[in-house]
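Numbering (our numbering), first residue to last: 821 to 1122. We treat Cβ as the ideally placed atom computed from N, Cα and C, and that holds for glycine.
Printed below as a string of structure tokens:
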């Protein structure tokens, strides 16, 4: 029996959430329905998509490869549903987007690809910069909309924000690290480890605040603006990292695996969202962009 779109949706939800329980909650269905769908999908494909262990599950190398295909299939289906929207097809105009560097590679690429397919006649111009400067451009009317980390949005009186994705902080560890098998990981455990710190989109500031709130003083071994550098350094045992789950991928460029684990305590989350100036009359191109982003967000929640 061929796999179904519903099975793909459940698989993508589990892969993104890293947990059957969290995926079922987001999908508003039972855990048994998700588990059964994953088993049927694995049976149809003839491969294991997840490794099961006492702490839950983790995506396999085969699962990681299939995730790319599943995401593309669901995106194509979503595009097909919007294929007969003549208004979007025929509308032109321009769209000026701002994006922060962390968001550009992990959120904007898929969203922008869908927008270009839905609105091929719109001329899109995008600028990448830090959050405070993008806020300045939005308030000044130089940008229509920005896709950025909004957890620390400064000018909330002048700007309207809508959440696209909420991502918790998790601990990245190399394979074989003693904390991989720990039942509970505390801030004190992290404080004893060399920390690889990402220095983009207020992540460094947030990580410092997080550890201070938990009473731990980090031993920073390396600072970098590159997520791939963090991935490689962690995978090869140079240290651990505390990062939002949206940038987690289980494999480094060297082919070494990285494990991601929860940390005990009330950890903050990173919110990624769309931002535009309050009271502004958004052009049709921007309204279409916001609508497609909302569709993408609701699709993840189904």
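Asked                                                                                                                                                                                : Found
Please list the segments of the beta strand (DSSP E) lying wholly inside the segment 821–881, counting only runs of 3 or more residues, in order along the chain.                    : 870–873 and 876–879
Excluding five sequence neighbours on each side, which residues of the same chain lie with their C-beta closer than 7 Å to the C-beta of residue 855?                                : 840
Is residue 989 helix, strand or coil when you go by DSSP?                                                                                                                            : strand
Report the CB separation of residue 1007 from residue 1041 in whole angstroms; it is logged as a contact under 8 Å.                                                                  : About 17 Å; that fails the 8 Å criterion.
Does DSSP classify residue 1113 as helix, strand or coil?                                                                                                                            : helix
Out of curiosity, what's the CA-to-CA distance linking residue 823 and residue 852?                                                                                                  : 18 Å
Which residues share a DSSP beta bridge with residue 1044?                                                                                                                           : 1018
Checking the sheet assignment: what are the DSSP bridge partners for residue 1054?                                                                                                   : Residue 1054 is not bridged to any residue.
Would you identify the three-state DSSP class for residue 972, choosing helix, strand or coil?                                                                                       : coil
Could you check the C-alpha separation between residue 1114 and residue 984 for me, to the nearest Å?                                                                                : 7 Å
Which one of 1029, 850 and 1099 has the shortest CA to CA distance from residue 981?                                                                                                 : 1099
Restricting to Cα atoms, I'd like to know which of 1009, 1102, 1106 and 922 is closest to residue 1063.                                                                              : 922
Can you give me the start and stop residues for the alpha helix (DSSP H) that residue 934 sits inside?                                                                               : 929–938
Does the segment 1042–1050 come close enough to the segment 1088–1104 to have 3 or more Cβ pairs within less than 8 Å?                                                               : no
Bridge partners of residue 979, per DSSP?                                                                                                                                            : 1097
Pairs of beta-carbons, one from the segment 932–944 and one from the segment 1078–1086, closer than 8 Å: are there three or more?                                                    : no
Around the Cβ of residue 977, are there at least 16 other Cβ atoms within 10 angstroms (buried) or fewer (exposed)?                                                                  : exposed
Report the CB separation of residue 927 from residue 897 in whole angstroms; it is logged as a contact under 8 Å.                                                                    : That belief does not hold up - the Cβ atoms of residue 927 and residue 897 are roughly 20 Å apart, past 8 Å.
Report the option in 1051, 827 and 996 whose CA atom is closest to the CA atom of residue 865.                                                                                       : 827
Verify whether the separation of the beta carbon atoms of residue 979 and residue 1000 is less than 8 Å.                                                                             : no
Rounded to whole angstroms, how far is the Cβ of residue 1055 from the Cβ of residue 1069, which I believe are closer than 8 Å?                                                      : Wrong, their Cβ atoms sit about 11 Å apart, outside the cutoff.
Leaving aside the five residues before and after residue 1053 along the sequence, list all residues of the same chain whose C-beta is less than 7 Å from its C-beta, in chain order. : 1016, 1042 and 1059
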